[in-house]
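Asks: Please find one structure pasted underneath; my questions will follow.
In my numbering, the protein residues as written are -19 to 85.
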């Protein structure tokens, strides 16, 4: 667990798929999430995506949680990780519009 200020990060777990499924019903979130999905995915599609992350050294996903109430707020994805050159692409999404612009990301 990584903690800083109002949030802490945890590695994605299977139980997070329910929250992610709700977040990705919003097309705007789908567009900003990653290039994996072009429309809101089903739970089965998310399960396949989750399984592809297990033991994957090139992509890592973390859940952004609120420090006080432990509610999941969004995700951080590191993709195309180049361990040798120490770089990667990063994507950050705060899923609910009401939680944006509060300094979480």
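Glycine included, each C-beta is placed from N, C-alpha and C at the ideal position. As the structure is a prediction and not an experimental result, all values here were calculated from the model.
(1) From residue 12 to residue 66, what distance separates their C-alpha atoms?
(2) Give me the residue from 22, 71, 61 and 23 with the minimum Cα distance to residue 54.
(3) Count the other CB atoms within 10 Å of the CB of residue 77; is the residue buried (16 or more) or exposed (fewer)?
(4) Given residue 69, which residues of its chain have a CB within under 6 Å of its CB, disregarding the five upstream and five downstream residues?
(5) I'd like the list of long-range same chain contacts for residue 46, defined as Cβ closer than 6 Å, with 5 residues on each side in sequence excluded.
(6) By alpha-carbon positions, which one of -9, -13 and -14 ends up nearest to residue 39?
(7) Helix, strand or coil for residue 34 per DSSP?
(8) Please say whether residue 4 and residue 27 have beta carbons closer to each other than 8 Å?
(9) If you compare alpha carbons, which of 30, 80, 43 and 49 is closest to residue -19?
(10) If you follow the beta strand (DSSP E) that residue 45 is in, where does it begin and where does it stop?
Replies: Short version:
(1) 24 Å
(2) 71
(3) exposed
(4) 59 and 60
(5) 53
(6) -9
(7) coil
(8) no
(9) 43
(10) 40 to 46
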